[in-house]
Every structure is written in C-alpha cells, then in structure tokens.
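Only one structure is covered here, and it is reproduced in the block below.
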Amino acid sequence: MTFLQGSLLYGLFALSIPVIIHLLNRRRFRTVKWAAMQFVLKATRESRGKKRLKQIIILTCRALAIAALIFAISRPMLGGFLGWGSGKIDTVVLILDRSPSMERREADGQPVKRESVLARVATAMQELDGARLVLIDSATNEAQDIPSPDVLPELSTTGPTDAAADIPGLLSTAIEYLQEAKPSRSEIWIASDLQRTDWSPDDPRWAAFRAGLDELRPQLVQLRILSLNSRKRNDYAITTLAARREAGELLLDLELSREEDTGPATLPVTYNINGARSASTIQIEGQSIRFQKRLPLEGQSDGGYGWVAIPTDTNSRNNVSYYAFGAEAPAYAYYVHEDGVPEEVIEAVGRAAAPGLPNQELTVLPENLGHQVDWERASLVVWQAALPTGPVAEQLLKFIQTGGVAVFLPPAQDSENSFGGISWGSVTESADGRYFIVKEWNHQDGPLRDGVDGTPVPLQRLRAILRREISGDTTELAEWDDGTTLLGRRIIDNGTALFLNTLPDYSWSNLEQTAVHLVALQRSLNLGSQRHGAGFFAIAGQSNAQPEAEEIRFRLDAYSNGDPANADYEAGVYKLGERVVAVNRSSSEDSLGQTSNPDLDTALVGTNFKLFEESAAGGDPLVREAWRAFLVAMLLLLIAEALLCLQPKRPLALPPTPQPST
Amino acid sequence: MKYDFLDSDVLARLGALPVESRLAMIGNVVGKHRSPHRGSSVEFAEYRKYVQGDDTRRLDWKAFARSDRYYIKEFEADTNLRAYFLVDCSGSMNFASGEHDTKIQYARKLAASLSYLLVNQGDAAGLSCCTDTLHLEIPPSRRPAQLQIIFDTLADIKPTGETGLIGALHTVAEKIGQRALVVIISDLFTDPAALADALQHLRFRKHDISVFHLMDQQEIDFDFNRPYRFVDLEDGTSVVAEPNLIAEEYSAALKEFFRDVETACHDVHADYHLVTTNQNYEDIMRDFLTARLPKQGRG
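Residue numbers (this note's numbering), protein chains in the order written: chain A, 397 to 1058; chain B, 212 to 510.
The following block contains the structure:
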C-alpha cells in the first residue's frame, strides 16, 4: 500500500493516546469512604472477565478509529496498481510503452501518460524497499537494470519515442530475462494505454508468453497491468500518405484526422519544403479528411524533404508528419509479351503505357527475356504472356510486394500457370452477332475510377468478342453483363496485381477505340511510381529507419531537436549515409481502438493478471475511494465505541415497602 | 432545642398521632394498648360461663334473666406499651452523600422522635445501641426523665467498627421478658440469613417488630463517573474500581440484598420501611404511625 502523504503516518503514534488516557485515568482515582462495601466487592469480582473484555474492545475501537483517520488523511492508494498484495518482491520487470499514444495529456497542465506512470512506478518502488527494478521499454526491447527508481524519469530509455510498442514481443523479452535471472518472487508490471494495435490480442505470441510463465514455476510471477485510460479529446493528427513529383511540383497526399467529430473545424496547416515555409487552412468535417497539397519545386531537379505540421494539441507527437522525395527520374514501364502477338497489339499496349508524356519510358520485351526487367526501377509491368513461374515469378512477386503494379493481359495460348493463386481460364467467344458488354464497374476505386471532375471512363462503349476467364480469388473492379469479371485486382502487400481479361485488339475487343486501357495503364503507372517515393519513407523503430553498416545518421529537419539518444525511434527527416529518409510514427498509433477486457482475459487466460485502470489525469478516483473506505471505517468504529460506552444505565428501582399483616 | 435531632414543630405535628402496637402488649400498668388478658376497661370482650370461684359480682343478671344461665361478662384489658429502639452504630452508619444526613443522624431523629411520642403518651421507651464491640442498653421506662437519658445517649454515640446488629437482636430477644415493640434502625449491612434468624427469634418471643432500613441515595444509584478507591467505613479495607464497569453487577447485588431483607421481614410480619436519608423523616414517621392505627372495626 502506498500513501500520497506518507509523512502523516507518523500520526499513528496517536494510537497510544486512548490507552495512555485510560491508564492515567485509572491511576488518577479518588478515594471515597463507602458503606455498602459488600456490594462493591461482589460487583468487582463478578465483572472482572467480561467487563475487561468490553473495556479492551472499547479501547481497540478508539485506537482503530484514530488509525483509520490517519490512514484516510495519508491518502492511501488502496486497491490501486501498487496496492494490496505487493508483498515482499524480489524483482520488478517494468514493461514501458513508449509509443506516441503514451504522450497524450488527459488534461491541460497534466503530465503525459508516460510521465505519469513513471512517477507512479517510482513511488511504488520506494515502497518495495530493496526490490530490483528491470526496465524493458518498447523502443529498445532490451532488459535494463535500473539502479534507483528515482532516476526513471531522467533515463533516455524512458523518454518519448515515435515507435509503436510490441507488447507481446516485450513480454517475450521479460520471460527470457526471468528465465535467466531466476528471481525468487517477481512481478511484471505493464504500463500501457492498452492501444489495441500495440497489444495485438490475437497475436500467437500470447500463447507462447503463457507457456513461458508456466515454465517459470515454481518462481512466483505476478502480472500487473496499469491501464492508463483515455477519454476522447480534441486531438488532431496529420499524416503524410505519399509524396511524389508531378509536373514540376511536389504532390503531397495528406490525411488529417481527429479523435471525435466535434463538427466542422478549420485548422491551419504549415508546410515546410527544404526549409521554405508556407501555410494554408484546411476544413475538416467528420473524423478524417484526405487531401492533396501541391508545393512548387521551382525547377529543382534533385531530391528534398520537409514536414507538414498542425498546431500542438493534446498529443504533440502526432501533430507533425515528415516527408522526403527523390530527384527527378522517369517512370519506367515494361511490357512483356508472348511470342506471336500481333504487332498491332504490341503497338496498342505500347501507346497506352507510354503515350509520349515526358519522363515516361517503356521497354518491350519478349517473354523469354522477361528476366531482363529492371525490377528496381520499374513502376509498371504489363505481362501479356503465360503467367510467369520460377525465378521470374518470384522477382515479379517481390516487385509487387514492394509497391509495384503488374497488369496481366490474357495470353493467346492456353496455359495452366498460376500467379498468386490466380490463373487464366479458357477463351470465351460471344454469340454470333452479339458482344460482351460491361454491366458495371467500380467508379470510386481502381484504375477505372471516375475522373477528378466525376467524369466516368467510357467503359459502356466497350464491346468484346473474345475474353479469357480469370480463375482465382480477386476483387472485381469491372464486370461483364453475364457476371464474368472483366477486371480483377489482388492487393499483395504494398503493390497491386490487375487482371484484364480482354486485349486491345480488334479480334478481341474495341478496347483500342475506347482508350480505356490507356487510362488504366497510366493510372497504374502513377500508382506504381509511388514505390520509388516510398523508399523515402520509413516507420520509426523499424529496420528501414535505422542506419545500415557504415551509414551515419544525421537529422536534417529543424522541426524539433529530439533526443539524440532516441534518434533510432524518433520521427524526423534523417540522412542515413547517402539516403534521405522521412521517418514517421506508425499509422497504427493514431488508431483509437482499445484492447477490451475480454480480449485481455483471452490473451492472458490462466496468468492471474491484475488490471488496474487509472486515469493519467489528476484526481485518481481509486485514491478517493480509499479515503471514503477509511472514513467510513472510522465512523463505524466510533459508533461501535459509543454503543459500547453509552449503554443505558438501568436505574435501581426501590422495592415497595411491604405491609405485613398482624 | 438542645438536641439537633429533635424538632419541636415536627413533634407537635406528630403528637396528634398515637403510637399504636399491632399486637397485644403485656404491660405492667394500665395503658391505652390492647392486652391479651381480660381486664376492667369499658370495652366488651366476651361472655363466658360462670365457674365456681368466679366473683358473683361480675355475673350478668340481664343475661341470666334472658337465658336462665349464669354468664360472666368480660372486658378487654388495656395496658401500656414498652418499646425498644435498637440503633445500629456500626461505621457504615456514618455514611452520607452530599448535604444529606448521615444514616446515624437520621436514625437519631427517628429514635428520639418516636421515644418522645411514646413517653409522652405514657408508654415506656428503651434504647439499645450496638456495634461489634459495644452493646449499650437503656431499659425501657415511662418516666419523663427517661427521655433525657435516651437523648443524651443518642447524642453521644459515635458510629464505629463493624456491625453487631445480629448479636444485639438475639440479646434483646432473650432479655425482654414480655411482649414489646422492637424498632430496628439500621442499614442492615450484614448477612441477610443471619438477620432472618435474629428476626425469627424476636418473632418467636411475640414481639412487634418494625424495621427502618436506612440507605443513602448514592448507595442505591452508584452514580460515579471516574475510578474511585472505595474504603470500607467499618473495617478500612479498600478496593479500586471503575464504577461505570461494575454498576450493573452492583445494582444486581443490591437488588438481591433488598429482596432477601424484604423476604426476611415479611416472614416475621415485620413492619419494614426502606428509607433513604434524603427523604423527610416527618413523612416517614407519619406514614409509620398512620399505618399502625387500629382498623375501622376495632374502634
């Protein structure tokens, strides 16, 4: 049990006051000469046992009432995180969530959650006199001996970071430490805001953690979770989704979100590009808004960086987002076709993939030279051949996974090859005098979406005679009138695979005349080119944000200085060797999802964990509860004492004088 | 008045009430009290048949005329009353709380006033003062000078030592040859069983017994709010006690004592009066005298 006003506990010496008064009172008797002595002696003999017991109970009530009062004013943290049941603990393993969501303030002027929990832990450790404190923070995921809990708030390993927390991973580290150190009795304290993305309650590592706890037996390990509850506040977050060059400008895809929808609001947004600042306002309705911002590059051909910021609010860690972009470079597209493809088809696809726009280059390769595709610089790969297999298929899959876009067109020859579980079926021909026509397509998403001004692509004019069925699980973006898929999509990690089941050839369809394929390929090229821009982005704490061998880290942006000791886990624009990387917090840190109690029960089943939900803001309700409990106890004790003392005295009724008969 | 335990006004008011005996007395002179013997008073007692040797002057000729039989007409004999006042002079009688009289002062008032009333109506009054070591006895006498002796004795007695009441009662019972009124004035702080035996002894000797059981109100209430060392007035033993804690047991013991004493008195048809020293003794005496007045039928 801990006390916020521990010095007042010296008042417990006052417990002796009732006893002293009682003893003094007994010694300070008066003397009276008494006639009815025989009754006094008899009463004294008879009352010796139960009266003494009653007297002891009264004295105990008085002493306990004083104790309850002193406990109450000492502000005990009864039943709190570090309350009853602490016992004699040998080692405390503190798992500290240093994710950006822990930098939130529950009220203006209050410390952030992380600082609040550190203060509580420091106070609690003082109570556990002599217990060893081992810190495992979410950024380093390494066990660190803490010599004194007082230094906790000053350690760089307890400072703020922008890296997400991996709670199951941290617990695994804790188990490894306990297995190695073998303390007799230990506790694992988890200080976290229970953000669902950090806790991943469905992660299979929870089962491993439970098994690890079982293996530690007969060691006694108690698991305590301090949940710092959040309440909705007007917290805004800015995120850079993408940054790319487009027509001499830098195009930023941004997202502004907030915790609660408090109606339309206008927010100033500050842009910094290569040190030059500009500002604008953005109006938000609803919970989030995505918007684009074009920043002039003024002929600058090499790369750059900058940040986008909104005013500081409840959580300052999500009020800025960094970006970086590379030097001007063409967008490369590759067209791999099978043998025997009519020249007209090759030309039609070629015109669609490279219609003569600047900074676009197309390389046409026959199928047998498919391995010559430069996977690193490619943005778009059009594959009109039997689906690749072997090393080429692996390279193509990796290309897609890293953000590339592959458009598969139907080969003329039948093939049983498959790619990602998708394969081409047989060729279908429309009935005589009839065509396959498009029934509907996705106007909101995909390469056939409507234009910015709402104009739909002319897909209703598409007529097809031949098509090749798509087998496998894809998301249907366009559909023929008989329900067959015209365009299917499969998202593979960061990239996209599109399957179009007809060709821009007059013997197949009038795709060439509608120019729909041109729109689709150009949009796919744009999408694929973002993979090069993505190379300038990294998530704090992840490997691509760390300097590789012989690379030296140097922070470029001037938004904040940060803590050099935590540079590996802090957002910012860094120069890592020759690379420029914009490191941002994980988008999951802006998620409001909380790990629910049933989720915790499932993840920690059989671990006998204790969950203590406290508010990081001042005025801990649990403390007030303890006050009340002690005050009520004091009141009850005083009432009991009064009842014992104030028993009604029964007056002795004089017997009536008898009148004897004569 | 010379004696502070006598109040002439009280005596004047109580003088109108005679001191009556509840039992027939055997006196040595003619008095106003009923005697078990037949005598020459004006109060008809009974007819009885003439037997040889009776004085023919006492024959009721009118009865002979009506019944042709000889009857002797007998009348009640009136005699005087002899009263013994037995005053307990043990140390416990010296107790008083507040401004009230000590029990011995109260006893003096009762004994002196009743003695005065008795002698004044021609009856004899005697006094017996007892402790464990002293038994002072003044035989009853009708002479007015007896009052002076009794008053002086009462004024001189100093309560001390333990009670000798039981022995005094037996002594009185043995010593008084004829029926008498025995008035016991004491706090009765003795063994109730022994007291009952002594009272039975008196009753066996056909004495009319009256008991004034004197108590101080504080002895009954036992109202103290702090620890006290209680020192026995009789033998000096002491005990420290917290009255709040023993009040209940004290009260129960006192009740049991009262019940035993009352039962002992009731068994011997004694005239029992529990008196607290804060009561007006005039009221007590008036009640005592009024209750002893002859019933309607006899008058």
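Built from N, CA and C at the ideal position, the CB exists for glycine as well.
Would you kindly report the start and end of the unbroken beta strand (DSSP E) that includes residue i?
{"i": "B:ILE315", "result": "Unbroken run through B:ILE315 is the alpha helix (DSSP H), 314-331; no beta strand (DSSP E)."}
{"i": "A:GLN373", "result": "Shown here, chain A extends from 397 to 1058; a query on residue 373 of chain A therefore has no answer."}
{"i": "B:CYS476", "result": "Element bounds for B:CYS476: not the beta strand (DSSP E) but the alpha helix (DSSP H), 454-478."}
{"i": "A:HIS733", "result": "727-733"}
{"i": "A:TYR573", "result": "Here A:TYR573 belongs to no beta strand (DSSP E); instead the alpha helix (DSSP H) covers 563-577."}
{"i": "A:PHE687", "result": "684-692"}
{"i": "A:SER608", "result": "With the sequence shown as reference, residue 608 of chain A is identified as Gly, and Ser is not the correct amino acid for it. First-last for A:GLY608: 601-612, but that is the alpha helix (DSSP H), not the beta strand (DSSP E)."}
{"i": "A:ILE586", "result": "581-588"}
{"i": "B:ILE349", "result": "346-352"}
{"i": "A:PHE804", "result": "801-804"}
{"i": "A:GLY736", "result": "Per DSSP, A:GLY736 belongs to no beta strand (DSSP E) and is neither H nor E."}
Name, please, each residue of chain A whose Cβ falls closer than 7 Å to the Cβ of residue i.
{"i": "B:GLU430", "result": "ALA431 and ALA432"}
{"i": "B:VAL450", "result": "VAL436, LEU437 and THR440"}
{"i": "B:ILE360", "result": "Neighbours of B:ILE360 on chain A: none; closest Cβ ~28 Å, over 7 Å."}
{"i": "B:PHE296", "result": "Simply none; closest approach about 19 Å."}
{"i": "B:ALA464", "result": "PHE435, LYS438 and ALA439"}
{"i": "B:SER303", "result": "ALA431"}
Which residues does DSSP pair with residue i in a beta bridge?
{"i": "B:MET426", "result": "B:THR487"}
{"i": "A:ALA705", "result": "A:THR666 and A:VAL716"}
{"i": "B:ILE431", "result": "Looking at the DSSP assignment, B:ILE431 forms no beta bridge with any residue, so it has no partner."}
{"i": "B:LYS284", "result": "B:TYR258"}
{"i": "A:LEU349", "result": "Residue 349 of chain A lies beyond the residue range present for chain A, which begins at 397 and ends at 1058; the question has no answer from this structure."}
{"i": "A:SER814", "result": "A:SER819"}
{"i": "B:LEU270", "result": "B:ILE283"}
{"i": "A:ALA774", "result": "A:TYR728"}
{"i": "A:GLU645", "result": "A:GLU642 and A:PRO692"}
Here's the rule I'm using: 16 or more other beta-carbon atoms within 10 Å means buried, otherwise exposed. How should residue i be labelled?
{"i": "A:VAL848", "result": "exposed"}
{"i": "B:GLY264", "result": "exposed"}
{"i": "A:GLY879", "result": "exposed"}
{"i": "B:TRP176", "result": "For residue 176 of chain B there is no data in the structure shown, the boundaries of chain B being 212 and 510."}
{"i": "A:ASN1004", "result": "exposed"}
{"i": "A:LEU805", "result": "buried"}
{"i": "B:VAL262", "result": "exposed"}
{"i": "B:LEU329", "result": "buried"}
{"i": "A:VAL415", "result": "exposed"}
{"i": "A:THR898", "result": "buried"}
{"i": "A:ARG458", "result": "buried"}
{"i": "A:PRO751", "result": "exposed"}
{"i": "A:ILE584", "result": "buried"}
{"i": "A:TYR719", "result": "buried"}
{"i": "A:GLY476", "result": "Interpretation of A:GLY476 is limited by its pLDDT of 48, a score under 50 that renders its predicted location unreliable; the figure taken from the coordinates is listed afterwards. So A:GLY476 counts as buried."}
{"i": "A:GLN591", "result": "buried"}
{"i": "A:CYS1041", "result": "exposed"}
{"i": "B:SER219", "result": "exposed"}
Starting from the beta carbon of residue i, find every residue of chain B whose beta carbon is closer than 7 Å, and list them in chain order.
{"i": "A:GLU442", "result": "GLU460"}
{"i": "A:ARG458", "result": "Here the premise fails: no neighbours, minimum Cβ distance about 15 Å."}
{"i": "A:GLN451", "result": "LEU456"}
{"i": "A:LYS509", "result": "Neighbours of A:LYS509 on chain B: none; closest Cβ ~58 Å, over 7 Å."}
{"i": "A:LYS578", "result": "In chain order: nothing, as chain B lies at least about 59 Å away."}
Residues of chain B with a CB under 9 Å from the CB of residue i: which are they?
{"i": "A:ASN421", "result": "ARG437, PRO438 and GLU453"}
Tell me which residue opens and which closes the alpha helix (DSSP H) that residue i is part of.
{"i": "A:ILE454", "result": "433-469"}
{"i": "A:LYS794", "result": "786-797"}
{"i": "A:ARG830", "result": "Element bounds for A:ARG830: n/a, residue is neither H nor E."}
{"i": "B:GLU385", "result": "376-386"}
{"i": "A:SER412", "result": "412-423"}
{"i": "B:SER219", "result": "219-225"}
Please list, in chain order, the chain A residues whose beta carbon lies closer than 8 Å to that of residue i.
{"i": "B:LEU444", "result": "LYS429, TRP430, ALA431 and MET433"}
Taking Cβ-Cβ distances shorter than 9 Å, what residues in chain A pair up with residue i?
{"i": "B:PHE468", "result": "ALA432, GLN434 and PHE435"}
{"i": "B:ASP398", "result": "ALA431 and ALA432"}
{"i": "B:PHE306", "result": "LYS429, TRP430, ALA431 and ALA432"}
Taking residue i as the query, report the chain B residues whose CB atoms sit under 8 Å from its CB, ordered along the chain.
{"i": "A:PHE425", "result": "ARG437, PRO438, TYR439, ARG440 and VAL451"}
Extract the residue ranges of the beta strand (DSSP E) inside the stretch 883-946 of chain A, only unbroken runs of 3 or more that lie entirely within it. 891-896 and 933-935
Hey, which unbroken runs of the beta strand (DSSP E) at 3 residues or more fall wholly within the stretch 839-878 of chain A? Within the stretch 839-878 of chain A, the complete beta strand (DSSP E) runs of at least 3 residues are 862-867 and 871-876.
Output the residue ranges of the alpha helix (DSSP H) runs that lie fully inside the stretch 975-1041 of chain A and measure 4 residues or longer, sorted by chain position. Listed in chain order, the complete alpha helix (DSSP H) runs (minimum 4 residues) inside the stretch 975-1041 of chain A are 993-999 and 1017-1041.
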